[in-house]
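Below is one structure, written out as structure tokens; the observations come after it.
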Amino acid sequence: MTTPDTSRQPAPSGTQTAIAFQGVRKEFGNGANATLAIESVDLDIAEREFVSLIGPSGCGKSTLLRLAADLIEPSGGSVLVNSKTPRQARLDRDYGFIFQAPTLFDWRTVWKNVALPLEIMKISGMSREKKDEEIERLLSMVGLDGFESHHPYQLSGGMQQRVSLARALVFRPSILLMDEPFGALDEITRDRMNLELHRIWEETNTTILFVTHSIPEAVLLSGRVVVMTARPGRVQEVIPIDLPYPRTTEVEESTRYYELVTEVRESLGRAMAGGL
Amino acid sequence: MTTADPTLEAGAEPARQWSRHAGVVVPPFLVFVAAIGLWELIVEAFDIQRFLLPRPSEIASLFVEDFGRLIRQGRNTLGVAGRGLLLGGGIGVGLAAITFRTRWMAEGIGIYAAVLKAVPVISLAPLTVVWFGIEAGSKIATVSIATAPILFTYTLVGLRSADANAQELMRSYAAGHFRTFWNLHVPYALPFFFSGLKIAVTIAMIVAIISEYFGGSFENLGGYIRNEANNVHTVEVWTAIVMACLLGISQYMIVAGIDRYVLRWHPSKRGN
Numbered sequence: 000m001t002t003p004d005t006s007r008q009p010a011p012s013g014t015q016t017a018i019a020f021q022g023v024r025k026e027f028g029n030g031a032n033a034t035l036a037i038e039s040v041d042l043d044i045a046e047r048e049f050v051s052l053i054g055p056s057g058c059g060k061s062t063l064l065r066l067a068a069d070l071i072e073p074s075g076g077s078v079l080v081n082s083k084t085p086r087q088a089r090l091d092r093d094y095g096f097i098f099q100a101p102t103l104f105d106w107r108t109v110w111k112n113v114a115l116p117l118e119i120m121k122i123s124g125m126s127r128e129k130k131d132e133e134i135e136r137l138l139s140m141v142g143l144d145g146f147e148s149h150h151p152y153q154l155s156g157g158m159q160q161r162v163s164l165a166r167a168l169v170f171r172p173s174i175l176l177m178d179e180p181f182g183a184l185d186e187i188t189r190d191r192m193n194l195e196l197h198r199i200w201e202e203t204n205t206t207i208l209f210v211t212h213s214i215p216e217a218v219l220l221s222g223r224v225v226v227m228t229a230r231p232g233r234v235q236e237v238i239p240i241d242l243p244y245p246r247t248t249e250v251e252e253s254t255r256y257y258e259l260v261t262e263v264r265e266s267l268g269r270a271m272a273g274g275l
Numbered sequence: 000m001t002t003a004d005p006t007l008e009a010g011a012e013p014a015r016q017w018s019r020h021a022g023v024v025v026p027p028f029l030v031f032v033a034a035i036g037l038w039e040l041i042v043e044a045f046d047i048q049r050f051l052l053p054r055p056s057e058i059a060s061l062f063v064e065d066f067g068r069l070i071r072q073g074r075n076t077l078g079v080a081g082r083g084l085l086l087g088g089g090i091g092v093g094l095a096a097i098t099f100r101t102r103w104m105a106e107g108i109g110i111y112a113a114v115l116k117a118v119p120v121i122s123l124a125p126l127t128v129v130w131f132g133i134e135a136g137s138k139i140a141t142v143s144i145a146t147a148p149i150l151f152t153y154t155l156v157g158l159r160s161a162d163a164n165a166q167e168l169m170r171s172y173a174a175g176h177f178r179t180f181w182n183l184h185v186p187y188a189l190p191f192f193f194s195g196l197k198i199a200v201t202i203a204m205i206v207a208i209i210s211e212y213f214g215g216s217f218e219n220l221g222g223y224i225r226n227e228a229n230n231v232h233t234v235e236v237w238t239a240i241v242m243a244c245l246l247g248i249s250q251y252m253i254v255a256g257i258d259r260y261v262l263r264w265h266p267s268k269r270g271n
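Here the protein sequences come in this chain order: S and F.
Numbering-wise, the first sequence is residues 0 to 275 according to numbering that gives the first Met the number 0.
Numbering-wise, the second sequence is residues 0 to 271 according to numbering that gives the first Met the number 0.
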């Protein structure tokens, strides 16, 4: 194994923070029926970083993601996205959100699904030709040339999720928020999608906050893995992943990779046992 | 990769496609012919009086003879049904579009829509005559009252059926209310809207004809039936009934055809 190339890892200081959680608390419901989903979460994600959130179900991983996306509001503490409120970041179209379900529009072709954000956002200074070029480029990047005029139901689950990835990238958000995007795919497809996602991340300078249930996936993709405890969700441990880039199948077979998988697994075990 | 291209499938086996269509069309046609034949024979055999049950051949020949007039009368009835449906449908769809985001408003109206659907609306026909006069106005109003709650209920359910993630997706794009409505809620509502419309076109035709029984011009199917029935001109009544059936069926088929075309992406239409 060569020395890990950590050039892609953000420096601890000096880099801009893309997403900052400070003492974040989120309660669902109110009064006696309220459940505390997450409590005192402090977490900074630097620009161009790839961070995975992992933890037992009900640990509030998705809640954190949705807070950053302004799909829900925190009950306490503060969330900043690109140094703005999540709401402002949403209005500025700073992030793209990818759900576990591809969430494509069945009545639109693949092409028109990818074009949807551009239609809605009416991005100024982007000509029709430029938009078409961009859609074409992204579809070929996610390996869907030739499927432009297909409808989503004519595609496999993996292909559908790739359409949704292209759709999230088409307006060039600086941040991608991904909520178990490959959770519903079979393992072979999932492996391929992971490597593709990683390649896309390296090519596009985006910050990715990635929620997953899979330890190997988290280790393979991330610069850091955030392990969370369950009910209420707290940050148990942040594990830096010092694997070399680019992450390929070779990396997946290295000793260091297995050590890190074990480390995350043990940390997760402690989190399940009730925290530190 | 599971790419099922329906156009390829259709092209690959035209013969089987054809025999499947034939299987749908031929048996009902045979049943129809047999039933008409039996009817003719029964009238002949039992020497049933003409004013009770005329022979189908007699109805058919008068239908052909009177076709021009029947079409004119049918057009008037269809006009009443169509305008009533347009008005009632407009009100129903409009109210659904306005209220679907506000639960209490939609529920508040929904109760009355349910009540109106339970009420035999045709019993209101004499009242609408008092309010809107004996001619088309009152009949259009009755059709509207009958169809508005149907389209309100169906459209409301449809507008509310939009996928939760898809709604969040639109929110993440900071899409405006109108954008979200048009790009997301309307496509989700369409299958429900068409289901409602298919019921409403049939109801509109029925209500229009029965409203015409209550008086007004004879230059429509209901008025003609009323007049001829009073004079025990049973064959004439039957020709009007046949015309009403034909118009009702073609109306339904036109709506069903539009439904199939517009919703060809929908799971219920695209087949496998």
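By construction, the Cβ of each residue, glycine as well, lies at the ideal position given by its N, Cα and C atoms.
Remember, it's a predicted structure, so these values are computed and weren't measured experimentally.
For chain F, is any of its Cβ atoms less than 8 Å away from the one on residue 31 of chain S? In the first sequence, the residue the question calls residue 31 of chain S occupies position 32. No, its Cβ sits nowhere closer than 8 Å to a Cβ of chain F.
Quick check: the Cα distance between residue 208 of chain S and residue 120 of chain S, rounded to an integer number of angstroms? One-based indexing of the first sequence puts residue 208 of chain S at position 209. One-based indexing of the first sequence puts residue 120 of chain S at position 121. C-alpha of residue 208 of chain S to C-alpha of residue 120 of chain S: approximately 23 Å in a straight line.
Buried or exposed for residue 200 of chain S, going by 16 or more other Cβ atoms inside 10 Å? Along the first sequence, one-based indexing puts residue 200 of chain S at 201. Buried.
Answer yes or no: do residue 276 of chain S and residue 227 of chain S have a C-beta to C-beta separation smaller than 8 Å? As shown, chain S starts at 0 and ends at 275. That puts residue 276 of chain S outside it, with no answer to give.
Between F/96, F/107, F/135 and F/267, which lies nearest to residue 176 of chain F when the distance is taken from Cα to Cα? As a working note, residue 176 of chain F is residue 177 in the second sequence. For residue 176 of chain F, the nearest C-alpha among the options comes from F/96.
Could you tell me which uninterrupted alpha helix (DSSP H) segments, each at least 4 residues in length, are contained entirely in the segment 184 to 233 of chain S, listed from first to last along the chain? 186 to 203 and 214 to 220
Could you give the first and the last residue of the continuous alpha helix (DSSP H) run that contains residue 113 of chain F? As a position in the second sequence, residue 113 of chain F is number 114, starting the count at 1. Unbroken alpha helix (DSSP H) run through residue 113 of chain F: 102 to 117.
Can you tell me which of F/236, F/133 and F/189 puts its alpha carbon nearest to the alpha carbon of residue 276 of chain F? Here chain F comprises residues numbered 0 to 271, so residue 276 of chain F is not present and cannot be evaluated.
Exposure label - residue 106 of chain S; buried when at least 16 CB within 10 Å: Locating residue 106 of chain S in the first sequence gives position 107, counting from the first residue. Label assigned to residue 106 of chain S: buried.
Would you mind reading off the limits of the alpha helix (DSSP H) that contains residue 261 of chain S? Taking the first sequence and counting its residues from 1, one reaches residue 261 of chain S at position 262. Where residue 261 of chain S is concerned, the enclosing alpha helix (DSSP H) stretches over 254 to 271.
Using only alpha-carbon positions, find the residue among F/131, F/224, F/55 and F/245 that is nearest to residue 236 of chain F. For this step, residue 236 of chain F is matched to residue 237 along the second sequence. When only C-alpha atoms are compared, the closest one is F/224.
Mind checking residue 250 of chain F: buried by the 16 CB within 10 Å criterion, or exposed? On the second sequence, residue 250 of chain F is found 251 positions in, with the first residue counted as 1. Buried, by the Cβ-count rule.
Start-to-end residues for the beta strand (DSSP E) that takes in residue 187 of chain F: Against the second sequence, residue 187 of chain F aligns to sequence position 188. Residue 187 of chain F -> not in any beta strand (DSSP E); alpha helix (DSSP H) instead, spanning 185 to 212.
Contact residues within the segment 169 to 202 of chain F, judged by C-beta distance below 8 Å to chain B: Structure shown: chain B not included; protein chains present are S and F.
Check whether the Cβ atoms of residue 17 of chain S and residue 46 of chain S sit closer than 8 Å, and answer yes or no. Sequence index remark: in the first sequence, residue 17 of chain S carries index 18 (1-based). Sequence index remark: in the first sequence, residue 46 of chain S carries index 47 (1-based). Between residue 17 of chain S and residue 46 of chain S, the gap from beta carbon to beta carbon is short of 8 Å.
Following the continuous beta strand (DSSP E) through residue 26 of chain S, name the residue where it begins and the one where it ends. Counting from one through the first sequence, the residue named residue 26 of chain S turns up at place 27. Annotation: the continuous beta strand (DSSP E) that includes residue 26 of chain S extends over 16 to 27.
Kindly indicate the opening and closing residues of the beta strand (DSSP E) around residue 177 of chain F. Translated into positions along the second sequence, residue 177 of chain F becomes position 178. From DSSP, residue 177 of chain F is part of no beta strand (DSSP E) but of the alpha helix (DSSP H) over 176 to 179.
Under 8 Å between C-beta atoms of residue 88 of chain F and residue 199 of chain F: The sequence position of residue 88 of chain F within the second sequence is 89, counting from 1. The sequence position of residue 199 of chain F within the second sequence is 200, counting from 1. A contact, by the Cβ cut-off of 8 Å.
Going by the CB atoms, is the gap between residue 64 of chain S and residue 178 of chain S shorter than 8 Å? Position 179 of the first sequence, counting from 1, holds the residue named residue 178 of chain S. Position 65 of the first sequence, counting from 1, holds the residue named residue 64 of chain S. Their beta carbons are under 8 Å apart, which means residue 178 of chain S touches residue 64 of chain S by this criterion.
Does chain S have any CB closer than 8 Å to the CB of residue 269 of chain F? To locate residue 269 of chain F, count along the second sequence from 1; it is residue 270. Residue 269 of chain F counts as touching chain S.
In angstroms, rounded to a whole number, what distance separates the CA positions of residue 208 of chain F and residue 81 of chain F? In the second sequence, the residue the question calls residue 208 of chain F occupies position 209. In the second sequence, the residue the question calls residue 81 of chain F occupies position 82. Taking the straight line joining both Cα atoms gives about 12 Å.
Proximal residues to residue 105 of chain F (C-beta, below 7 Å), its chain only, five neighbours per side dropped: Numbered from 1 along the second sequence, position 106 holds the residue referred to as residue 105 of chain F. Hits under 7 Å: 98, 99 and 155.
Find the residues of chain S that neighbour residue 264 of chain F, judging by a C-beta separation of less than 7 Å, and give them in chain order. Taking the first residue of the second sequence as 1, we reach residue 264 of chain F at position 265. Here the neighbours are 105, 106 and 150.
Could you tell me the alpha carbon to alpha carbon distance between residue 264 of chain S and residue 55 of chain S, rounded to whole angstroms? Taking the first residue of the first sequence as 1, we reach residue 264 of chain S at position 265. Taking the first residue of the first sequence as 1, we reach residue 55 of chain S at position 56. The alpha-carbon of residue 264 of chain S is positioned some 11 Å away from that of residue 55 of chain S.
From the DSSP secondary-structure annotation, give me the bridge partner or partners of residue 75 of chain S. Numbered from 1 along the first sequence, position 76 holds the residue referred to as residue 75 of chain S. Per DSSP, S/24.
Beta strand (DSSP E) runs wholly inside the segment 69 to 142 of chain S, at least 3 long, in chain order: 75 to 80 and 94 to 97
Can residue 288 of chain S and residue 173 of chain S be called in contact, C-beta distance under 8 Å? The requested residue 288 of chain S is not part of the displayed model; chain S covers only 0 to 275.
Going along the chain, which residues of its own chain have a beta-carbon closer than 6 Å to the beta-carbon of residue 181 of chain S, five neighbours each way excluded? On the first sequence, position 182 is the one that residue 181 of chain S refers to. Contacts found: 189 and 192.
In whole angstroms, give me the CA-to-CA distance for residue 26 of chain F and residue 75 of chain F. Here residue 26 of chain F refers to the residue found at position 27 of the second sequence. Here residue 75 of chain F refers to the residue found at position 76 of the second sequence. Using only the alpha carbons, I get a separation of about 34 Å.
Tell me which residues share the same chain as residue 276 of chain S and place their Cβ nearer than 6 Å to its Cβ, disregarding the 5 neighbours each side in the sequence. The structure shown does not extend to residue 276 of chain S, since chain S spans only 0 to 275, so no value can be given for it.
Would you decide whether residue 266 of chain F is buried or exposed? Buried here means 16 or more other CB atoms lie within 10 Å of its CB. Counting from one through the second sequence, the residue named residue 266 of chain F turns up at place 267. Exposed.
Between residue 219 of chain F and residue 72 of chain F, is the Cβ-Cβ spacing less than 8 Å? If you number the second sequence from 1, residue 219 of chain F lands on position 220. If you number the second sequence from 1, residue 72 of chain F lands on position 73. Yes. Within cutoff.
Near the ligand ATP: residue 108 of chain S beta-carbon under 7 Å from a heavy atom: This structure lacks the ligand ATP; in fact it carries no ligand of any kind.
On the three-state DSSP scale, how would you describe residue 6 of chain F? Indexing the second sequence from 1 puts residue 6 of chain F at position 7. Residue placement at residue 6 of chain F cannot be trusted, given a pLDDT of 43 that sits under 50; the coordinates are not used to answer.
Given that residue 120 of chain S touches chain F, what residues does it touch there, using C-beta distances under 9 Å? As a working mapping, residue 120 of chain S is identified with position 121 in the first sequence. Within 9 Å Cβ-Cβ: 172, 173 and 174.
So the alpha helix (DSSP H) residue 258 of chain F belongs to, where does it begin and stop? Numbered from its first residue, the second sequence carries residue 258 of chain F at position 259. Per DSSP, residue 258 of chain F belongs to the alpha helix (DSSP H) from 233 to 261.
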